[in-house]
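Take a look at the structure set out below.
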Amino acid sequence: MSVKFIYPEFEVIRNENRCIACRVCERQCANEVHSYDEEHKIMKCDESKCVNCQRCVSLCPTRALKIVKSDCTLRENANWSNDTIKEIYKQANSGGVLLSSMGNPKPLPVY
Numbered sequence: 225m226s227v228k229f230i231y232p233e234f235e236v237i238r239n240e241n242r243c244i245a246c247r248v249c250e251r252q253c254a255n256e257v258h259s260y261d262e263e264h265k266i267m268k269c270d271e272s273k274c275v276n277c278q279r280c281v282s283l284c285p286t287r288a289l290k291i292v293k294s295d296c297t298l299r300e301n302a303n304w305s306n307d308t309i310k311e312i313y314k315q316a317n318s319g320g321v322l323l324s325s326m327g328n329p330k331p332l333p334v335y
C-alpha cells in the first residue's frame with residue numbers, strides 16, 4: 225500500500241466510552257469508512273473516505289460519533305482556492321501533471 229499525502233477533509237471522532245461496537249456505522253456507510261477490528265474488538269475509521277454525509281452520526285444508537293472538518297487543511301485565500309489546493313495535492317500524490325509552466329497550445333477534451 226502506498227503512502228498518501230492528501231490530508232483527509234473530515235475527521236471522524238468516536239467516543240470510545242459510548243461506542244458499544246454494534247457495527248451500525250459499518251453497515252450503513254456507503255463509503256466503507258468504518259470497519260471492525262476482530263483482533264482488538266474495536267471499531268476503526270478510514271477518514272480519507274469520509275464525505276461528511278452524517279449518516280453514521282444520525283444512526284448511531286449511542287451518539288458515539290461526530291464528524292468535524294479537519295484542522296490539517298490549508299486555508300483558502302485570494303490566490304489558492306480549495307479546488308486548486310485539492311488538485312495540487314492529487315497531482316503531488318500521483319506524480320502526474322498534464323503540462324506545467326508552459327500552458328497547452330489548444331484545449332484538451334475533458335472525459
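Numbering (the numbering used here), first residue to last: 225 to 335. C-beta: ideal position from N, C-alpha, C; glycine also. The model shown is predicted, which means the values in this text are computed figures rather than measured ones.
A residue is called buried once 16 or more other Cβ atoms fall within 10 Å of its Cβ, and residue 291 is buried on that count. For residue 282, the enclosing alpha helix (DSSP H) starts and ends at 279–283. DSSP places residue 249 in the uninterrupted alpha helix (DSSP H) bounded by 248–252. Inter-residue distance for residue 272 and residue 305 is about 20 Å (C-alpha atoms, whole angstroms). Scanning its chain for C-beta atoms nearer than 8 Å, with the 5 sequence neighbours on each side dropped, one finds around residue 248 the residues 280, 283, 284, 285, in chain order. Boundaries of the beta strand (DSSP E) harbouring residue 269: 266–269, taken from the DSSP string. The Cβ neighbour count for residue 275, taken over all protein chains shown within 10 Å, is under 16; the residue is labelled exposed.
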